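Asks: Chains S and G, in that order, give the protein sequences.
Numbering-wise, the first sequence is residues 27 to 137 according to the numbering used here.
Numbering-wise, the second sequence is residues 201 to 312 according to the numbering used here.
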Amino acid sequence: KAGVTQTPRYLIKTRGQQVTLSCSPISGHRSVSWYQQTPGQGLQFLFEYFSETQRNKGNFPGRFSGRQFSNSRSEMNVSTLELGDSALYLCASSSGTDTQYFGPGTRLTVL
Amino acid sequence: GNSVTQMEGPVTLSEEAFLTINCTYTATGYPSLFWYVQYPGEGLQLLLKATKADDKGSNKGFEATYRKETTSFHLEKGSVQVSDSAVYFCALSEDSWGKFQFGAGTQVVVTP
Numbered sequence: 027k028a029g030v031t032q033t034p035r036y037l038i039k040t041r042g043q044q045v046t047l048s049c050s051p052i053s054g055h056r057s058v059s060w061y062q063q064t065p066g067q068g069l070q071f072l073f074e075y076f077s078e079t080q081r082n083k084g085n086f087p088g089r090f091s092g093r094q095f096s097n098s099r100s101e102m103n104v105s106t107l108e109l110g111d112s113a114l115y116l117c118a119s120s121s122g123t124d125t126q127y128f129g130p131g132t133r134l135t136v137l
Numbered sequence: 201g202n203s204v205t206q207m208e209g210p211v212t213l214s215e216e217a218f219l220t221i222n223c224t225y226t227a228t229g230y231p232s233l234f235w236y237v238q239y240p241g242e243g244l245q246l247l248l249k250a251t252k253a254d255d256k257g258s259n260k261g262f263e264a265t266y267r268k269e270t271t272s273f274h275l276e277k278g279s280v281q282v283s284d285s286a287v288y289f290c291a292l293s294e295d296s297w298g299k300f301q302f303g304a305g306t307q308v309v310v311t312p
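#1: Can you check which of these residues, G:F289, G:H274, G:S214 and G:S293, is closest to G:Q307 by C-alpha distance?
#2: Can you tell me where the beta strand (DSSP E) with G:K252 in it begins and where it stops?
#3: What are the uninterrupted segments assigned as beta strand (DSSP E) that are 3 or more residues long and contained completely in the segment 213 to 298 of chain G, given in chain order?
#4: Since S:Y115 and S:L47 are thought to touch, with beta carbons under 8 Å apart, how far apart are those beta carbons, to the nearest angstrom?
#5: Please confirm if S:P87 has its CB atom under 8 Å from at least one CB of chain G.
#6: Are the CB atoms of G:N202 and G:L292 within a distance shorter than 8 Å?
#7: Determine the contact status of S:R89 and S:T64, defining contact as a CB-CB distance below 8 Å.
#8: Taking the alpha carbon of G:T226 as the point to measure from, which residue in G:V237, G:T205, G:Q281 and G:A217 has its own alpha carbon closest?
#9: With burial defined as no fewer than 16 other Cβ atoms inside 10 Å of the residue's Cβ, what is the status of G:D254: buried or exposed?
#10: Taking the alpha carbon of S:D111 as the reference point, which residue from S:S57, S:H55 and S:T135 has its own alpha carbon closest?
#11: Look at S:S96 and S:E78 and say whether their C-beta atoms are less than 8 Å apart.
#12: Would G:L275 pass as an interface residue toward chain S - the criterion being a Cβ-Cβ separation below 8 Å?
#13: Distance cutoff 8 Å, beta carbons only. Does G:V201 sit that close to anything in chain S?
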């Protein structure tokens, strides 16, 4: 089975812009979670989607949003980018067996 | 709320040395516990997991035992290799689908 894929792998944006990141889960997985990883804050949970519905949400401002499509692919969007949004964004998928499988991440740099 | 605490790194070892990374947790229920590993420039890979008290997870020579009485899930390996150099994350999950709580990560550096 193919693993979790994320596109793009690298992004450079400037402050004030918006960005959309994409995640394709492992085939058959219906749950997709997103995490932000930074050196200072570590791994922080953003949100989780299941069957196109957001089921869990972390403590991030409304500039961070996401969605999930009927084929379980997910996107997350960050609007009005700030320097502090520079991070590795990780997507993980799960089939409900309590184990999450992670993609390689998207490295976002905000200048 | 739930939390995971793991020992700070970096942990520097010589090849073939014994590795222990301490991890303790607080949780309101009965979580599943995990160790993930992250190699430079990559995402997280599941290393091992345990779903109930006294379970032992093992993989690639790494082991960890779910200790409910001490709320711990320490990672051990008897003889490390240079290729084990990575950042190791302890994590817990209290439901089958949703969010994980991760520790801060422990960098391990193995020298020849």
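Glycine residues also receive a C-beta, built at the ideal position from the N, C-alpha and C atoms.
In this text the structure is predicted, and so the values were computed from the model without any measurement.
Replies: On the basis of the data shown:
#1: G:F289
#2: Premise fails: G:K252 is in no beta strand (DSSP E) and is neither H nor E.
#3: 219 to 221, 223 to 226, 232 to 238, 244 to 250, 256 to 259, 262 to 265, 275 to 277 and 286 to 293
#4: 6 Å
#5: no
#6: yes
#7: Contact flag unset, no.
#8: G:T205
#9: exposed
#10: For S:D111, the nearest C-alpha among the options comes from S:T135.
#11: yes
#12: no
#13: One point to set straight first is that residue 201 of chain G is Gly, not Val, in the sequence displayed. No - not a single Cβ of chain S is within 8 Å of the one on G:G201.
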